[in-house]
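Student: By our numbering, the letter at position 198 of the sequence shown is numbered 1391, and the numbering carries on one by one without gaps.
Beta carbons: idealized from backbone N, C-alpha and C, even for Gly.
First, the structure itself, so that you have it in front of you.
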Amino acid sequence: MPTSAAYRILDTDVNAAHERDRAREIGPDALIALIEASGLRGRGGAGFPLARKLVAARTAAAGGSAYVVANAYDADPASPLARTILLKKPELVIEGLAIAASAVGATSGYLYIRPDSESAKKAAERALDAARPGLGDLQVEIAQGPGGFMGGEESALLAVLESRRAMARQRPPYPATQGLLMRPTLVSSAETLAALPLIVRDGADAFRRVGTEASPGTKLVSVTGAVASPGVYEVAFGATLGEIVERAGGATGKAMKGLHVGGPTGGILNATRTGVALDYETLKAAGTHLGSAQIRVIGTDVCIVNEAAKLFDYLAKETCGICVPCRVGTKRVEGILEGIYSDLGRADDLPWLDQLADHLREFSLCGFGITSASILKTTMSEFAEDYRSHIDGHTCPTGTCQPARSRRYETMAQP
Ligand SMILES: Cc1cc2nc3c(=O)[nH]c(=O)nc-3n(C[C@H](O)[C@H](O)[C@H](O)COP(=O)(O)O)c2cc1C
Ligand code: SF4
């Protein structure tokens, strides 16, 4: 795991500058056809096919100005995947960006990073200085985002590049047709772009030899929590969650209670779900998503209601606030969960939470609010006994919760 050495991003020996020149020789149409044949999907979370975004941006640009952005922001600080690539193989990201720019016909590009990652910035600067003589008329700048979870969301990122606050905007139009300064803009994860020099060198079939039919290639994941060797690992798509945890040395301490998959908005699966495969569709069917590709092992000494409350506390602080379902919903959910773990909950809190989850999922403007619903859906279905223990028995199932309040907050909408 991965099954072939050909597509390991982190220890490849590919000459990325050479592959950028070859990509330019091939020409945009054949290059996009190659990327389409490879089945490369976006590594930033949603898994959208890169070739389709390239076609959309190229068509919308119609020979006029266009931009490419490598999203190396690592919105989830516990999943420093772009930083890992930038520290080990920064040239893959820079030349991957240049390859994507040649496919779109863009002459301006940005490498967008966190404000607190000095070492990654320095590595990127060195790689960019080395690459510049070969980049021709492509201008690439390193831009630093604001910090905070929403800084990595693509429409908020574009707002930041336009010197505005990191707030999302309605789509469509998607950035590929109307992005930076209203011009076609390809926003791709640094990890997605880093695969391009390898695909140009070895071809589509070789890329497809690793991973699954629908999700070819490898994926960086960050394994955190109660494991022996937390860290960033490169695994083949299709590896099971259990195999990935073993790769990180296995669960430590007491037995594993759950797996929190996908970062701050990810669902929590119970410990029996180690056979779930890491790919976009399987994770969705399991009730979560790839998201930031963080896999956090939760020990048996953790109360899941408290975990869910902590996650919503974080999300209520990080929401960009532009849409009501998320701005109000995350805060409301946090309050109800706080009431439950303070042993002030009632049975009718659960359908209320379920309804709030549906509203977050259906009416939020961006992936932040939409995906946060999976925290509620999974914890209520997979850890129902933790909720019951607090609501029916007025006891924390692990004896760890400290009540946060001494009375319920009633609202008019809730009987
Ligand atoms: C709250 C939030 C944070 C995100 N943070 C990142 C990030 O740090 N890096 C990233 O590549 N994508 C991030 N994304 C996904 C981007 O919006 C976008 O879909 C992605 O950069 C597109 O690249 P891809 O097609 O290569 O996946 C985030 C999305 C959301 C909703
Ligand atoms: S879902 Fe949340 S983060 Fe996304 S636009 Fe709405 S308020 Fe902002």
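1. Does DSSP classify I1228 as helix, strand or coil?
2. With respect to 8 Å, is the separation between the Cβ of S1624 and the closest non-hydrogen atom of ligand 2 below this value?
3. Hey, would you say I1287 sits closer than 9 Å to E1427, going by beta carbons?
4. Report all residues from its chain with a CB closer than 7 Å to the CB of Y1580; omit the five preceding and five following residues, and keep chain order.
5. Would you grab the beta carbon distance between R1554 and A1540 for me? Rounded to a whole angstrom, and I think it's under 8 Å.
6. Below 6 Å CB to CB, which residues in the same chain sit around I1292 once its five sequence neighbours on both sides are set aside?
7. With H, G and I counted as helix, E and B as strand and the rest as coil, what does DSSP make of S1272?
8. Would you call the CB atoms of A1324 and E1384 closer than 9 Å?
9. For G1424, which residues of its own chain have a beta-carbon under 7 Å away from its beta-carbon, when the five flanking residues on both sides are left out?
10. Do you know offhand how far P1409's Cα is from S1231's?
11. From the DSSP secondary-structure annotation, give me the bridge partner or partners of H1453.
12. Among the residues of its own chain, which have a CB less than 6 Å from the CB of L1508, if the five just before and after it don't count?
13. For D1547, verify whether its CB is less than 8 Å away from any heavy atom of ligand 1.
14. Helix, strand or coil, according to DSSP, for R1358 in the structure here?
15. Is L1373 close to chain B? Criterion is C-beta to C-beta, closer than 9 Å.
16. So, is E1334 buried or exposed, given that buried needs 16 or more other C-beta atoms within 10 angstroms?
17. In its own chain, which residues sit with a C-beta less than 7 Å from the C-beta of E1474, not counting the 5 before and 5 after it?
18. Is it right to say D1222 is buried, meaning 16 or more other beta carbons lie within 10 angstroms of its own, or is it exposed?
Tutor: Looking at the coordinates:
1. Start at 1 with the first residue of the sequence shown, and residue 1228 comes out as number 35. I1228: helix per DSSP, three-state reduction.
2. In the structure as shown, the chain begins at 1194 and stops at 1608. Residue 1624 is therefore absent and cannot be evaluated.
3. On the sequence shown, position 94 is the one that residue 1287 refers to. On the sequence shown, position 234 is the one that residue 1427 refers to. Not in contact: I1287 and E1427 (Cβ atoms no closer than 9 Å).
4. Stepping through the sequence shown from its first residue, residue 1580 is reached at position 387. Only residues of its own chain outside the window of five on either side were considered, and among them V1498, I1533, L1543, M1573 have a CB closer than 7 Å to the CB of Y1580, listed in chain order.
5. As a first step, residue 1554 must be located in the sequence shown, where it is residue number 361. As a first step, residue 1540 must be located in the sequence shown, where it is residue number 347. The pair is not a contact, with the Cβ atoms about 23 Å apart (cut-off 8 Å).
6. Against the sequence shown, residue 1292 aligns to sequence position 99. Closer than 6 Å at Cβ, skipping near neighbours: R1213, A1216, L1389.
7. As a working mapping, residue 1272 is identified with position 79 in the sequence shown. Judged by DSSP in its simplified three-state form, S1272 adopts coil rather than helix or strand.
8. Residue 1324 sits at position 131 when you count from the first residue of the sequence shown. Residue 1384 sits at position 191 when you count from the first residue of the sequence shown. The Cβ atoms of A1324 and E1384 do not sit closer than 9 Å to each other.
9. Looking up residue 1424 in the sequence shown gives position 231. A distance below 7 Å between beta-carbons, with the five flanking residues on each side excluded, links G1424 to the following residues of its chain, in chain order: V1416, A1441.
10. Within the sequence shown, numbered from 1, the residue matching residue 1409 stands at position 216. Within the sequence shown, numbered from 1, the residue matching residue 1231 stands at position 38. Answer to the nearest angstrom: the Cα atoms are 8 Å apart.
11. Taking the sequence shown and counting its residues from 1, the one referred to as residue 1453 is at position 260. Beta-bridge pairing by DSSP links H1453 to I1461, R1489.
12. Taking the first residue of the sequence shown as 1, we reach residue 1508 at position 315. T1523, S1565.
13. Counting from one through the sequence shown, the residue named residue 1547 turns up at place 354. Checking the 8 Å criterion, the Cβ of D1547 is out of range of every heavy atom belonging to ligand 1.
14. Position 165 of the sequence shown, counting from 1, holds the residue named residue 1358. Of the three classes helix, strand and coil, the one that applies to R1358 here is coil, per DSSP.
15. The question asks about chain B, but that chain is absent: this structure has only one protein chain.
16. Within the sequence shown, residue 1334 is the residue found at index 141, counting from 1. With fewer than 16 other Cβ atoms within 10 Å, it is exposed.
17. Position 281 of the sequence shown, counting from 1, holds the residue named residue 1474. Non-local beta-carbon contacts of E1474 in its own chain, meaning distances under 7 Å to residues more than five positions away in sequence, involve A1407 in chain order.
18. If you number the sequence shown from 1, residue 1222 lands on position 29. Flag for D1222 reads exposed.
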